[in-house]
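One structure below.
There are 2 protein chains.
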Amino acid sequence: MENTPTQIASQIRSMGFRMTPQRMEILAILSQSEHLTPTQIHAQLVCKVPGFTEPTLYRTLDFLCKNGFVQATHVGNGKMQYELTDSMHHHTVCKECGQRKLISSEIMQEIYDRFETETGFKLMEHHLTLNGLCPDCK
Amino acid sequence: MENTPTQIASQIRSMGFRMTPQRMEILAILSQSEHLTPTQIHAQLVCKVPGFTEPTLYRTLDFLCKNGFVQATHVGNGKMQYELTDSMHHHTVCKECGQRKLISSEIMQEIYDRFETETGFKLMEHHLTLNGLCPDCK
DNA sequence: TATCTTATTGTAATAAGTTACAATAAGAAG
DNA sequence: CTTCTTATTGTAACTTATTACAATAAGATA
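Chains A and Z supply the protein sequences, listed in that same order. Per this note's numbering, the very first residue in the first sequence carries number 15; after that it's consecutive. Per this note's numbering, the very first residue in the second sequence carries number 15; after that it's consecutive.
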């Protein structure tokens with residue numbers, strides 16, 4: 015499963031939805047960085063397309079999430095960040111020093127596998143942020 | 015570690031913070047149900063204390079979270095829910111049928127233990143919601 | 001290419017959440 | 001009980017996010 019804006023665009027069309035300049039613009043921005051908040055995305059949007067409206071942004075993010083092209087991640091208290099669905103990757107965030115660290119995907123894959131065999135539940139999160147204390151602050 | 019409103023109140027005082035009717039009211043509401051959104055909590059608050067303001071609610075939730083008395087949980091797309099910090103408990107939510115199910119804490123404890131030994135990171139989440147497909151919808 | 005259907009967008013109004021700062025009251029000390 | 005300090009609240013203004021509905025334009029069809 016690929017995830018360049020153009021490839022996502024053709025997937026959207028083949029699913030019977032319409033491809034619009036607005037959606038393309040958002041995909042382009044998401045393809046260039048990770049962990050973007052709606053506000054950050056909107057700031058970039060209005061630079062490129064002056065009249066871009068909030069409802070369209072929020073609806074599009076929602077649409078892309080529902081269809082699996084984008085992942086919403088919760089970070090700390092309530093803030094959501096968006097990014098293109100990529101290969102699995104996960105973070106730890108230390109409550110003490112705030113440091114953010116990638117977790118090796120082998121570890122998470124093993125843990126996912128184990129969880130799935132024990133519960134019968136198929137996990138679909140590609141990006142999870144786990145809060146706690148890093149080895150140094152512990 | 016206990017978690018009735020009265021016990022939390024004395025902990026708050028012994029930590030050098032002040033105990034106010036507003037905080038007590040919020041603790042009382044949280045002690046009576048789980049998975050409450052700020053809006054739900056605020057609705058209950060204005061019934062009991064007519065002039066209760068939003069900033070106080072949000073600041074208090076934040077305060078209680080920062081000090082570990084309350085847990086914020088993300089559910090689906092961006093919505094946060096709050097509840098008193100209780101014994102560990104975790105949920106799966108099926109993306110297909112929406113069914114919400116408790117995960118046995120033994121399974122999660124094992125997974126947490128394993129995660130902690132392999133990464134050196136001390137997890138502090140008491141409540142995690144995992145999204146995916148339940149055995150029936152899979 | 002012109003026409004048609006309807007998914008998607010923009011508009012306008014509203015709801016939810018946050019911030020700065022002055023007013024209040026919790027709890028300590030006399 | 002009274003006074004004092006300052007953490008906590010309320011006020012007012014603002015930012016972020018959502019909703020309802022009419023206007024627009026993507027893509028299908030002829």
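Using N, Cα and C, we set each Cβ at its ideal position, and we do this for glycine too.
Tell me the DSSP secondary structure of Val107(A) in three-state form. Mapped onto the first sequence, residue 107(A) falls at position 93. Strand, per DSSP.
Alpha-carbon spacing of Ile43(A) relative to Ser45(Z), whole angstroms: Looking up residue 43(A) in the first sequence gives position 29. Looking up residue 45(Z) in the second sequence gives position 31. Ile43(A) and Ser45(Z): Cα-Cα distance of roughly 43 Å.
What does the alpha-carbon distance come out to for the pair Lys152(A) and Phe135(Z)? Here residue 152(A) is taken as the residue at index 138 of the first sequence, counted from 1. Here residue 135(Z) is taken as the residue at index 121 of the second sequence, counted from 1. Roughly 8 Å between the two C-alpha positions.
Does the beta-carbon distance from Gln158(Z) to His141(Z) come in below 8 Å? Examination of residue 158(Z) is not possible in this model, given that chain Z is present from 15 through 152 alone.
Looking at the unbroken beta strand (DSSP E) that takes in Thr143(A), where does it start and where does it end? Along the first sequence, read from residue 1 onward, the residue named residue 143(A) stands at position 129. Run containing Thr143(A): 143-147, per the beta strand (DSSP E) assignment.
Taking Gln36(Z) as part of the alpha helix (DSSP H), name the residues at either end of that continuous run. Mapped onto the second sequence, residue 36(Z) falls at position 22. First-last of the alpha helix (DSSP H) with Gln36(Z): 35-44.
To the nearest angstrom, report how far apart Arg128(A) and His104(A) are at their CA atoms. The residue labelled residue 128(A) in the question sits at position 114 within the first sequence. The residue labelled residue 104(A) in the question sits at position 90 within the first sequence. Arg128(A) and His104(A): Cα-Cα distance of roughly 17 Å.
For Cys12(A), which residues in chain Z fall below 7 Å Cβ to Cβ? Past the boundaries of the shown model lies residue 12(A); chain A is included only from 15 to 152, so the question cannot be answered.
Taking C-beta to C-beta, are Glu48(Z) and Glu120(Z) nearer than 8 Å? Translated into the one-based positions of the second sequence, residue 48(Z) becomes position 34. Translated into the one-based positions of the second sequence, residue 120(Z) becomes position 106. Contact flag unset, no.
Return the CA-CA distance between Cys148(A) and Thr131(Z), expressed in angstroms with no decimal places. What you label residue 148(A) is simply residue 134 of the first sequence in a count that begins at 1. What you label residue 131(Z) is simply residue 117 of the second sequence in a count that begins at 1. Straight-line Cα distance between these residues: approximately 12 Å.
Classify Thr87(Z) as helix, strand or coil using the three-state DSSP reduction. Indexing the second sequence from 1 puts residue 87(Z) at position 73. Residue state, collapsed to three classes: strand.
What does Gly134(A) touch in chain Z if you count any residue whose Cβ is under 7 Å from its own? Within the first sequence, the letter at position 120 stands for residue 134(A). Ordered by position in chain Z, the residues that pass the 7 Å Cβ test against Gly134(A) are Pro149.
Applying a beta-carbon distance threshold of less than 9 Å, which residues of chain A neighbour Ile125(Z)? The count along the second sequence starts at 1 and reaches residue 125(Z) at position 111. What Ile125(Z) touches in chain A: Ile125, Arg128, Phe129, Glu132.
Is the CB-CB distance between Thr133(Z) and Ile117(Z) below 8 Å? Working through the second sequence from its first residue, we reach residue 133(Z) at position 119. Working through the second sequence from its first residue, we reach residue 117(Z) at position 103. It is not a contact, given that the beta carbons lie outside the stated cut-off.
Own chain, CB closer than 7 Å to Ile22(A), minus 5 neighbours either side, in chain order: Your numbering for residue 22(A) matches position 8 in the first sequence. The answer, listed in chain order, is Leu41, Phe83.
Note down the Cα distance separating Lys115(A) from Thr143(A), rounded to an integer number of angstroms. As a working mapping, residue 115(A) is identified with position 101 in the first sequence. As a working mapping, residue 143(A) is identified with position 129 in the first sequence. Rounded to the nearest angstrom, the two C-alpha atoms are 10 Å apart.
Look at the alpha carbon of Thr87(Z) and the alpha carbon of Gln95(Z), and state the distance between them as a whole number of angstroms. The sequence position of residue 87(Z) within the second sequence is 73, counting from 1. The sequence position of residue 95(Z) within the second sequence is 81, counting from 1. Those two C-alpha atoms are separated by around 5 Å.
Answer yes or no: does any C-beta atom of chain A fall closer than 8 Å to that of Leu137(Z)? Looking up residue 137(Z) in the second sequence gives position 123. Yes, its Cβ sits closer than 8 Å to a Cβ of chain A.
CB contact below 8 Å: Leu50(Z) versus chain A: On the second sequence, position 36 is the one that residue 50(Z) refers to. Chain A, which has no Cβ nearer than 8 Å to the Cβ of Leu50(Z), makes this no.
Does the CB of Thr106(Z) have a neighbour CB from chain A at under 8 Å? Within the second sequence, numbered from 1, the residue matching residue 106(Z) stands at position 92. So, interface residue.
Using the three-state DSSP reduction, which class does Met94(Z) fall into: helix, strand or coil? Walking along the second sequence from the start, residue 94(Z) turns up at place 80. Reduced to three states, the DSSP call for Met94(Z) is strand.
Run through DSSP, which three-state label would Arg128(Z) get? Reading the second sequence from its first residue, position 114 is the one you call residue 128(Z). Note: Arg128(Z) maps to helix in three-state DSSP.
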